[in-house]
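In full-length UniProt numbering, the protein residues as written are 1 to 465.
Every residue gets a Cβ at the ideal spot worked out from N, C-alpha and C, and that includes glycine.
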């Protein structure tokens with residue numbers, strides 16, 4: 001795990017270094033506290049401290065005893081002789097870590113007079129950081145964001161309509177993705193990668209315990225039997241230390257189970273389907289005790305990576321990040337047998353060009369580089385990201401690989417972005433905050449289902465009920 005730890009603190013050091021050298025955090029200004037850095041970037045205190053130590057050795061920061069850490073007051077930043085294309089990006093992001101360096105390298109080869117500079121901001125206050133950077137003269141030429149941030153972008157000012165400059169590539173992008181990143185009659189963002197949420201397993205653990213590998217038509221009972229056989233005390237100390245499944249309590253994961261049980265979060269809620277889903281979660285965690293729980297703010301599954309859980313709900317984007325850090329096995333995709341309805345959640349990353357950018361032509365050129373079929377194919381083959389271009393996925397992956405992901409030809413079947421299910425983000429925040437007793441096993445599935453239905457339906461307009 002040493003390589004994984006080094007990757008994490010090096011990544012945070014890089015983000016902070018970008019913010020300092022770009023002038024976003026100026027000489028003499030304080031950095032976030034260690035606690036804030038841990039929370040905003042979902043990292044341990046150890047990784048945060050190692051990141052700060054690295055910047056301290058470089059002379060970029062100074063620690064003030066009892067006060068915090070500031071940017072070195074003596075720091076002098078050399079201006080670039082090249083034209084600068086500035087990308088402001090959400091963090092953490094596996095695409096930024098794995099794919100963006102390659103895209104930048106290809107772009108700078110074609111445009112040697114241009115230097116691409118990336119500045120990353122935490123997801124929690126992303127648009128506020130974008131506005132702040134603009135106010136101090138760091139105008140974004142490209143904004144890289146997730147689908148949820150896109151759905152909140154009305155607060156962030158106008159963006160270019162990308163339909164005309166990308167009219168040749170748009171027909172190759174999955175229609176469901178195109179529709180998501182449209183706004184009225186315009187297309188202010190263009191997706192660069194996406195993924196459904198799906199189930200993967202560790203074949204090494206299945207083979208080790210002589211468990212049949214999942215088939216395309218395996219049932220919920222098959223899943224439960226496999227999870228039960230994977231759940232064991234491996235060292236004989238009386239404590240179970242390997243589980244069948246690691247389950248995240250984040251809304252980015254578990255609502256998939258409700259969708260498969262026919263729950264529609266956008267209208268009148270099917271209480272029976274919701275109770276069935278929540279009861280199944282309690283079965284996994286507390287009745288059968290074959291699943292372990294990941295914290296809400298830590299979607300990444302340490303248990304799965306460390307081979308302490310045999311299965312996990314994940315995405316191709318997350319898997320690519322795990323592979324980049326360290327993964328001693330190659331996860332395999334299994335069909336999801338959790339309900340009668342074939343449904344899933346979606347996530348995506350997209351790029352936008354602010355109308356205020358003074359490098360519009362270069363920004364369009366960069367986006368075209370990112371969406372070049374040859375580059376999209378290389379990203380798919382080397383990092384196993386899904387391409388937004390259907391012909392690329394059809395060339396890289398077989399139908400048997402795409403079908404379990406609910407991808408059939410040009411269609412992404414019954415898969416939904418979280419902001420499509422919960423159009424009021426305050427509802428999501430309320431649900432997550434109110435679920436703690438349920439996740440602890442201290443509130444019944446029936447009781448929380450009733451409360452959740454009330455939370456959702458109280459925010460619906462009369463016409464949507």
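Out of the options, state which residue places its alpha-carbon closest to the alpha-carbon of residue i.
i, options, result
"residue 435", "316, 457, 248", "248"
"residue 122", "19, 214, 311", "19"
"residue 458", "438, 439, 431, 443", "431"
"residue 96", "348, 444, 244", "348"
"residue 339", "279, 354, 286", "279"
"residue 281", "324, 87, 443, 173", "443"
"residue 452", "433, 441, 440", "433"
"residue 73", "26, 91, 31", "26"
"residue 331", "304, 414, 174, 30", "304"
"residue 342", "405, 134, 104", "405"
"residue 56", "67, 16, 90", "16"
"residue 151", "181, 158, 100", "181"
"residue 410", "176, 36, 237", "176"
"residue 153", "369, 366, 354, 422", "354"
"residue 456", "438, 53, 445, 428", "428"
"residue 69", "393, 130, 33", "33"
"residue 210", "229, 178, 391", "229"
"residue 231", "244, 220, 238, 221", "244"
"residue 365", "385, 329, 383, 103", "103"
Give the DSSP bridge partners of residue i, in chain order.
i, result
"residue 315", "Partner(s): none; residue 315 has no beta bridge."
"residue 354", "159"
"residue 71", "61"
"residue 234", "BP columns for residue 234 are empty, so no partner."
"residue 146", "349"
"residue 332", "201"
"residue 380", "Answer by DSSP bridge pairing: none, since residue 380 is not bridged."
"residue 194", "348, 386"
"residue 403", "According to DSSP, residue 403 bridges with nothing at all."
On the three-state DSSP scale, how would you describe residue i?
i, result
"residue 299", "Annotation note: pLDDT 47 at residue 299 (below 50); position unreliable, coordinate value reported separately. Here residue 299 sits in coil by DSSP."
"residue 393", "helix"
"residue 425", "helix"
"residue 218", "coil"
"residue 5", "The pLDDT assigned to residue 5 is 48, lower than 50, so where the model puts this residue is not dependable; a value taken from the coordinates is nonetheless given after this. Of the three classes helix, strand and coil, the one that applies to residue 5 here is helix, per DSSP."
"residue 290", "coil"
"residue 386", "strand"
"residue 153", "helix"
"residue 24", "coil"
"residue 19", "helix"
"residue 268", "coil"
"residue 411", "strand"
"residue 134", "helix"
"residue 84", "strand"
"residue 244", "strand"
"residue 451", "helix"
"residue 119", "strand"
"residue 169", "coil"
"residue 419", "helix"
"residue 338", "coil"
Going by beta-carbon coordinates alone, are residue i and residue j separated by less than 8 Å?
i, j, result
"residue 160", "residue 358", "no"
"residue 334", "residue 171", "no"
"residue 292", "residue 309", "yes"
"residue 288", "residue 224", "yes"
"residue 336", "residue 145", "no"
"residue 275", "residue 269", "no"
"residue 92", "residue 140", "no"
"residue 89", "residue 51", "no"
"residue 398", "residue 387", "no"
Taking 7 Å as the line, does the beta carbon of residue i fall inside it for any heavy atom of the ligand NAP?
i, result
"residue 165", "With respect to the ligand NAP, the structure offers nothing, as it holds no ligand at all."
Between the segment 107-118 and the segment 73-90, do at least 3 Cβ pairs fall closer than 8 Å? yes
Touching or not, the segment 243-259 and the segment 370-384, by the rule of three or more beta carbon pairs under 8 Å? no
Are the segment 307-325 and the segment 192-205 touching, with three or more C-beta to C-beta distances below 8 Å? yes
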